[in-house]
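Colleague: Our numbering applies: residue 71 is where the sequence shown begins, and numbers increase by one.
Take this structure, written in structure tokens, and hold onto it; I'll ask about it next.
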Amino acid sequence: MNKKEIINKLKNNNKNIKYADFCSILKYFGFVCKRQRGSHRLYYRIEVKELLNIQNVNGEVKPYQIKQFLNIIKKYNLEE
């Protein structure tokens, strides 16, 4: 699956995304885990000013966190 297909899948279904799958997607887009405390992980990418705070809730990611990720992808044109 390429980046555009992943983005479309996340846009169409931003609920019930597995935490482990989303962490893999973040790594695929060049984000690195800065630190982990409890159920929260902070991800960053050098050219992106914002940090992504991802929370593991019963093995899934919260929908608003997926929306934050999609907004960052769009803002910094990371789709390609």
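In this text, a Cβ means the ideal position worked out from N, Cα and C, and glycines have one as well.
Remember, predicted model here, so these are calculated numbers, not experimental data.
Taking C-alpha atoms, which residue in ASN84, ASP91, LYS145 and GLN125 lies nearest to ARG105?
Modeller: Considering only alpha carbons, the answer is GLN125.
Colleague: Is ILE136 buried or exposed, if buried means 16 or more other CB atoms sit within 10 Å of its CB?
Modeller: Answer is buried; the Cβ neighbour count reaches 16.
Colleague: Near PHE101, which residues of its chain fall below 6 Å by C-beta distance, leaving aside the five closest residues on each side in sequence?
Modeller: Taken in chain order, the residues that qualify are TYR113 and ARG115.
Colleague: Could you have a look at GLU130 and say whether DSSP puts it in helix, strand or coil?
Modeller: Here GLU130 sits in strand by DSSP.
Colleague: Starting from the Cα of LEU148, find the closest Cα among VAL118, GLU130 and TYR89 and give me that residue.
Modeller: That would be VAL118, whose Cα lies nearest to the Cα of LEU148.
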